[in-house]
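A short worksheet on the structure shown next.
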Amino acid sequence: MPGDGFLVRAVRAHKVYNSGAVRVHALRGVDLQIRQGEMVAVMGPSGCGKTTLLNCLSGLDDLTEGEVYIEDVPLNKMSDRAKTKYRALRMGFIFQSYNLLPVLSAAENIELPLLVAGVVPKDARVRAGEFLAAVGLADFGRHKPSELSAGQ
11 MPGDGFLVRA
21 VRAHKVYNSG
31 AVRVHALRGV
41 DLQIRQGEMV
51 AVMGPSGCGK
61 TTLLNCLSGL
71 DDLTEGEVYI
81 EDVPLNKMSD
91 RAKTKYRALR
101 MGFIFQSYNL
111 LPVLSAAENI
121 ELPLLVAGVV
131 PKDARVRAGE
141 FLAAVGLADF
151 GRHKPSELSA
161 GQ
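In this text, residue positions in the sequence shown follow this note's numbering: the first is 11, and each later residue adds one.
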């Protein structure tokens, strides 16, 4: 319901992919409510729809049926530009394949989305250093992704 205070809400979310003659039901009637400040883990076996759910909740993919609300705004009413801006300013993603730019250092890979979000370059550099320190990688900021282990 509008005004319910949920940051993200899915109502009867369905996602069907057509793979040739086969219809794959990746999501079947998912209902979900996430409040501001809540921490949520999406868990399950490979192929159960975790990535599809996250893609649909973030507007990277569209539902076949159902509704997703972001701060009480129906996602399907937002333009692609508005969805992109919302993701850039309000969402963080850690992709399965990491999606780091190989020509940038670890620190620069952190700084880039901050700069896109409008953070001043000096502040982005400081925040990148803080983020690296928070995960024990303060000494690796100048390293390229190829110079880091998978865990790093």
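Glycine is no exception: its CB is placed at the ideal position from the N, C-alpha and C atoms.
Remember, it's a predicted structure, so these values are computed and weren't measured experimentally.
{"query": "So, helix, strand or coil for Leu-125, using DSSP?", "result": "helix"}
{"query": "Thinking Arg-19 and Leu-42 are a contact (beta carbons under 8 Å), I'd like their distance in whole angstroms, please.", "result": "7 Å"}
{"query": "Counting Cβ pairs, one atom from each stretch, are 3 or more of them under 8 Å apart for the stretch 130 to 149 and the stretch 88 to 97?", "result": "no"}
{"query": "Going by beta carbon distance, what residues of the same chain come within less than 7 Å of Gln-46, once the five residues before and after it are set aside?", "result": "Leu-17"}
{"query": "Taking just the CA atoms, how far does Val-52 sit from Leu-122?", "result": "27 Å"}
{"query": "May I have the straight-line CA-CA distance separating Leu-110 from Leu-85, to the nearest angstrom?", "result": "27 Å"}
{"query": "Using the Cα positions of Glu-77 and Gly-39, report the straight-line distance between them to the nearest angstrom.", "result": "10 Å"}
{"query": "Could you have a look at Val-50 and say whether DSSP puts it in helix, strand or coil?", "result": "coil"}
{"query": "Taking the alpha carbon of Glu-140 as the reference point, which residue from Val-34, Thr-61, Glu-118, Asp-71 has its own alpha carbon closest?", "result": "Glu-118"}
{"query": "Beta-carbon within less than 8 Å of Asn-65's beta-carbon, same chain only, minus the 5 sequence neighbours each way: which residues are those?", "result": "Asp-71"}
{"query": "Phe-16 bridges to which residues according to DSSP?", "result": "Arg-45"}
{"query": "Going by DSSP, what residue range makes up the beta strand (DSSP E) through Val-78?", "result": "75 to 80"}
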